[in-house]
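In the working numbering, the protein residues as written are 377 to 612.
To start, the structure under review is shown below, and the notes come after it.
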Amino acid sequence: MERSNFQIDPRTKLLLTLTINIVTVSAPQSGWFQYILPILWFIPVILLFIYQKYKAASYYLILLLSVSIFQFTLAPYLHGFIFYLSLGIISISLRLLPGIMMGYFLLSTTSISELIAAMETLHFPKGLIIALSVMFRFFPTLSYEYLYIQQAMAFRGLTGPSVLFRPIKAMEYRLIPLMVSASKIGDELTMTSLTRGLSAPVMRTNVCQLHFYAQDFLLIFISILIWLVFFWEVLL
């Protein structure tokens, strides 16, 4: 995992991920939120660039700018089915993508040990810690299995245009091994977590030392302000 000189505590990452996911989905694009939402959209871009995730940050930034420009230039002049289709694309892009990218940032820049240490410090329930630790290990492991399945399909000649002529075989050779691998990976990761003592009733020690830095206090302060505005304008 690549390290940046600019470090953010995992607890701050969890708070930012929760804030961006809930606020971008629930808040209206009016009042204070017409200024707050664009800030939340671009926070994942800034953090991904700082942590040298240039490829993901560039793709997200291009998509975000394209959707924003489309929303204010062409979308108001569309009608009928095309208008509602474009409205759905804009909503999905601006409401869901920032939270997804923030989740990607959390997963790609935080080790499992750091994440577990952060959740234990925040006194998360043991069951939730075990479930999240298994889940965060599950998807990267499954992605490797998927690459191996693709290589096996290439040996059978099921790549590129040939997949179109044998769709049933392609689906069978792809889905069945993937489902079997997913089941085995889930069981193995659960046993691994239990073997490491995550379910123990006592407080575990951890080699990860968590520290709040100046940037953590700034991001926490911004998150608290956003939550105060959210409660004032949406829930009250």
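Glycine residues also receive a C-beta, built at the ideal position from the N, C-alpha and C atoms.
For S487, there is no enclosing alpha helix (DSSP H), since its DSSP letter is neither H nor E. With fewer than 16 other Cβ atoms inside 10 Å of its own Cβ, V556 counts as exposed. For Y520, the closest alpha carbon among the candidates I488, P543 and L554 is that of L554. Annotated three-state conformation of K429 is coil, per DSSP.
In the structure shown, the three-state DSSP call for D385 is coil.
Ranked by Cα distance from A530, the first of Y549, T517 and L518 is Y549. Around the Cβ of F448, a 10 Å sphere holds fewer than 16 other Cβ atoms; the residue is exposed. Looking from the CA of I445, the closest CA among S462, I419 and I492 belongs to S462. Exclusion of the five residues before and after S569 leaves I506, S509 and V510 as the residues of its chain whose Cβ lies within less than 7 Å of its Cβ.
The stretch 415–429 makes contact with the stretch 477–491, as at least three CB pairs between them are under 8 Å. Taking S599 as the centre and dropping the five residues before and after it, the same chain places the C-beta of L391, L392 and T395 closer than 7 Å to its C-beta, in chain order. In the three-state DSSP reduction, V583 falls in the coil class, being neither helix nor strand. Measuring C-alpha to C-alpha distances from G562 to each of I552, Y435 and R513 identifies R513 as the nearest.
Where W608 is concerned, there is no enclosing alpha helix (DSSP H), because DSSP gives it neither an H nor an E. One alpha carbon belongs to P474, the other to E564, and they sit about 32 Å apart. With a cutoff of 8 Å on beta-carbon distance, P420 and E490 are scored as not near each other.
In this structure I544 is exposed. Its beta-carbon is surrounded by fewer than 16 other beta-carbon atoms within 10 angstroms. With 16 or more other Cβ atoms from the protein chains shown falling within 10 Å of its own Cβ, T485 counts as buried.
In the three-state DSSP reduction, Q447 falls in the helix class (H, G or I). Taking 8 Å as the cut-off, the beta carbon of Y524 is found no closer than this to the beta carbon of Q383.
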